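Inspection log for the structure reproduced underneath, given as structure tokens.
Chains as they are written, first to last, in the numbering used here: chain A, 1 to 764; chain B, 1 to 173.
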């Protein structure tokens with residue numbers, strides 16, 4: 001289809017070699033001369049006023065170099081948005097969840113630091129705590145944050161108008177409520193941070209991050225030093241999945257300890273800390289009321305969602321909106337009213353997560369299946385009647401340029417033999433479909449664009465600089481692939497400098513599915529600008545117009561006469577001898593509606609492109625044990641254009657594991673009085689190799705008009721639609737529409753029992 | 001706690017280290033010997049990220065005391081390649097896209113390598129069972145299972161082995 005040399009090929013990732021050799025350095029692997037071990041003292045109470053902290057015994061312990069408390073800070077509150085500044089990095093007044101930061105220690109080794117934590121004496125006055133969002137809204141006791149009435153942290157209201165009128169016109173209306181508890185990321189790498197102040201008093205920090213520039217700004221604010229003095233450094237990152245997008249209090253505490261001790265300090269989280277004190281996925285209670293015409297087309301929808309936000313805002317306004325966005329992008333809704341409430345509770349902080357809104361999306365899709373059932377339509381048909389079409393606008397006013405939603409449905413149906421199997425499977429076998437859509441980024445103001453810089457070295461090889469970070473998904477490889485394609489080099493000729501705030505320009509970060517679309521685009525533009533310079537020089541050497549030239553395999557050649565060529569290395573050297581620069585920059589800023597704001601104005605162009613995905617799974621349920629065996633999963637996504645099918649397939653397969661297998665069957669947190677009862681891998685059931693079904697991957701390409709080479713996003717539409725497909729398949733297998741996720745054996749057995757009881761009562 | 005001197009054989013290299021009796025093999029590898037390829041992810045023997053081989057068998061180095069490793073041959077991920085030349089298994093992981101974030105990769109490799117040493121041609125179920133103690137959060141395991149299956153004897157129908165791609169995944173097959 002294309003004549004690309006490197007783009008679109010199944011290229012093994014450039015970072016794999018170091019990783020299989022054990023040479024790739026992650027934060028915890030770093031060792032700096034004189035480095036101290038840092039530890040964080042956390043609140044044992046869910047809600048408590050801090051009356052006093054005595055650090056003298058801890059300070060007196062041999063080997064302890066420094067103890068910091070809220071008194072050592074300026075008490076500044078951090079928030080992603082101006083209106084959500086509610087979190088201190090070390091609490092000065094009260095602790096709001098079990099795990100909240102109250103002090104930090106630096107010592108010569110881990111044993112000493114741990115002992116010192118126990119010697120810090122904190123006197124608390126315990127306050128009444130709330131753990132349920134509905135109770136928190138009605139609570140008459142002390143607010144978790146006094147500026148937020150009824151403990152309502154964020155309220156997103158979207159209303160396209162005509163909702164009530166359209167319900168009047170509906171042929172059939174249903175209203176159902178769905179619930180899902182919290183889930184966690186369980187990135188392979190526990191959170192860790194290393195900080196030091198260098199000889200110029202610049203702060204250097206290594207830590208997992210979803211965007212280095214999202215870390216440097218809050219640290220610059222907190223230490224009151226300019227941005228150029230905060231150097232977030234490149235380091236291998238062991239997964240993010242949305243959980244490492246923001247500043248972590250540990251980043252600040254580690255830096256503060258480094259500042260006071262004048263030594264490098266490393267803090268490594270335990271697995272429990274990674275679960276409790278980074279971020280979690282929101283628990284949700286979602287009610288969908290949907291009115292359809294006699295053909296099952298949605299005329300009106302009203303959705304109300306209550307999200308358990310935990311103790312602080314985090315990315316609250318975004319988190320309260322994204323589950324709605326995914327659905328308004330995937331389906332036409334006629335008219336819609338959405339009220340999303342994010343409620344403070346005395347539980348760990350909730351943020352963005354890859355399968356954010358599983359209860360929301362699975363609920364909406366389950367209800368669609370119920371409506372189809374009532375109308376005598378099959379699940380595929382009702383989706384096709386409501387699916388997003390290219391050229392349409394979403395309910396909140398985003399133009400959807402490229403969209404192959406229907407093709408993803410058709411291909412998934414064909415591959416899985418859905419039509420042949422639907423209604424014809426043996427008892428307790430089921431098949432289900434889910435469809436979803438995610439956005440490539442959102443309006444981010446001055447951080448919405450990405451910029452890249454490319455320099456050629458005299459040997460004809462190039463250094464590419466980009467602010468894009470690789471959390472493990474393969475962004476580094478993506479950038480190198482693009483640069484090599486455009487510059488006519490081989491991937492090994494390119495050295496990538498990325499995700500370093502000292503040397504690379506601002507970038508939106510890799511947590512909104514935007515890295516390829518925006519960051520990759522910036523590299524593409526920089527490379528084309530650089531290539532233009534080379535072509536200008538080469539055109540003089542080859543005596544043809546620059547437009548007639550192409551670059552490939554380290555050569556610049558005449559398109560119509562490929563024998564006529566000059567090595568890129570030679571062109572670089574000629575340029576330098578002729579006082580001509582061979583460096584170039586390039587950037588990309590998506591044309592979004594800058595007036596769109598999550599709470600105050602949730603309308604306008606959200607981003608430039610949307611991906612669409614369909615997953616179908618087939619399951620077998622054991623009615624006696626409630627155990628679900630997944631026989632096959634088929635994942636189909638409109639990715640725009642597949643820059644590297646090998647990498648995309650890995651995203652699809654990982655998405656089935658996290659969204660479907662884990663997200664819908666086993667993963668959730670259990671609580672007792674605000675204490676998480678399963679924070680470790682022993683208790684929280686992650687999918688294993690032996691659990692996973694056969695996965696069919698199908699890539700659909702709609703060639704987005706704005707995306708680099710037409711590319712959009714890969715994987716997240718699958719993670720979300722997989723959750724929907726798993727829940728639909730289990731519901732189909734047991735003949736009960738499930739409304740509480742994930743679908744654990746106890747719930748499945750209870751649903752089957754209730755169904756049998758009802759059938760028996762019906763007979764009597 | 002008082003430190004004592006022990007002798008270990010790591011990746012066919014003899015070494016002497018001072019350890020506390022309660023030091024784990026993982027701590028000694030990472031902190032004393034600078035072999036940071038083995039990772040700590042759960043710290044309680046669940047996730048397999050710290051897997052090394054002790055006399056050819058995969059063990060959790062986070063649950064193994066350094067003292068227990070005396071008199072055995074320990075192999076870590078750093079000992080898999082022959083200098084700069086990757087082992088067939090490592091190369092297969094690279095070629096098949098079995099590595100994403102890479103944090104679980106060293107442990108995964110050590111479990112898979114131990115399997116292949118005793119069973120060079122395992123079927124899919126055997127592979128999945130052998131690596132069931134290694135948690136990967138990124139890949140969904142599909143490409144890892146493929147990579148282990150193809151290690152050592154790349155087959156000509158495989159799209160990602162060096163023999164060339166015969167499969168057009170974009171057509172859904």
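Each residue gets a CB set at the ideal place from its N, CA and C atoms; glycine is no exception. In this text the structure is predicted, and so the values were computed from the model without any measurement.
In this structure, the beta-carbon distance from residue 442 of chain A to residue 431 of chain A does not fall below 8 angstroms. With fewer than three CB-CB distances shorter than 8 angstroms, the segment 490–498 of chain A does not count as touching the segment 533–544 of chain A. Among the CB atoms of chain A, one or more fall inside 8 angstroms of the CB of residue 106 of chain B. In terms of beta-carbon proximity, residue 117 of chain A stays away from the interface with chain B, with every pair separated by 8 angstroms or more.
Contact residues of the segment 54–78 of chain B toward chain A are 76, 77, 78 (C-beta to C-beta distance below 8 angstroms). With its beta carbon at least 8 angstroms from every one in chain B, residue 678 of chain A lies outside the interface.
Only buried fits residue 635 of chain A, as 16 or more other CB atoms lie within 10 angstroms of its CB. DSSP places residue 305 of chain A within a strand segment (E or B) once states are collapsed to three. Close to chain A, meaning a Cβ-Cβ distance shorter than 9 angstroms, are the following residues of the segment 131–152 of chain B: 131, 132, 133, 134, 135, 136, 137, 138, 139, 140, 141, 142, 143, 144, 145.
In the three-state DSSP reduction, residue 644 of chain A falls in the coil class, being neither helix nor strand. Only those residues of the segment 419–438 of chain A whose C-beta falls short of 8 angstroms from the nearest C-beta of chain B would be listed, and there are none. A:621 is the residue among A:637, A:621, A:257 whose C-alpha sits nearest the C-alpha of residue 630 of chain A.
For residue 512 of chain A and residue 748 of chain A, the gap between their C-alpha atoms comes out near 34 angstroms. Nearest to residue 27 of chain A by C-alpha distance, out of A:336, A:83, A:204, A:283, is A:204. Among the CB atoms of chain A, one or more fall inside 8 angstroms of the CB of residue 103 of chain B. Remark: C-beta atoms of residue 251 of chain A and residue 194 of chain A do not approach each other more closely than 8 angstroms.
Residue-level contact by beta carbon holds for residue 270 of chain A and chain B, with a gap shorter than 8 angstroms. Contiguous beta strand (DSSP E) elements confined to the segment 49–126 of chain A occur at 64–69, 101–107, 121–126, taking only those with 3 or more residues.
Only 30, 34, 35, 36, 37, 38, 39, 40, 41, 42, 43, 44 from the segment 22–45 of chain B bring a Cβ to less than 8 angstroms from some Cβ of chain A.
Membership of residue 329 of chain A in the alpha helix (DSSP H) is indicated by the continuous run 316–330.
Identification of residues in the segment 169–203 of chain A having a C-beta nearer than 7 angstroms to some C-beta of chain B yields 186, 187, 188, 189, 190, given in sequence order. Straight across, the Cα-Cα distance linking residue 26 of chain B with residue 566 of chain A is about 53 angstroms.
The three-state secondary structure of residue 706 of chain A, taken from DSSP, is coil.
Of all residues in the segment 120–131 of chain B, only 125, 127, 128, 129, 130, 131 place a beta-carbon less than 9 angstroms from a beta-carbon of chain A. Checking the DSSP bridge columns, you'll see residue 557 of chain A partnered with A:550, A:565.
DSSP links residue 58 of chain B through a beta bridge to B:53. In this chain, the beta strand (DSSP E) harbouring residue 14 of chain B covers 13–19. Remark: C-beta atoms of residue 387 of chain A and residue 409 of chain A approach each other more closely than 8 angstroms. Segment contact: the segment 299–315 of chain A against the segment 331–342 of chain A, three or more CB-CB distances shorter than 8 angstroms; contact assigned.
Residue-level contact check: residue 83 of chain B does not touch chain A, since none of the beta carbons of chain A fall below 8 angstroms from its beta carbon.
For residue 647 of chain A, a Cβ of chain B is located within less than 8 angstroms of the residue's own Cβ. Here residue 112 of chain A is buried, its C-beta having at least 16 other C-beta atoms within 10 Å.
Spatial neighbours of residue 518 of chain A in its own chain (CB-CB distance under 7 angstroms, excluding positions within 5 residues in sequence) are listed in chain order as 441, 449, 450, 508, 588, 590. Of the other Cβ atoms in all chains shown, 16 or more fall within 10 Å of the Cβ of residue 524 of chain A; this residue is therefore buried. In the DSSP assignment, residue 629 of chain A is bridged to A:620. Your pair residue 365 of chain A and residue 722 of chain A does not check out as a contact, with CB atoms roughly 11 angstroms apart and the cut at 8 angstroms.
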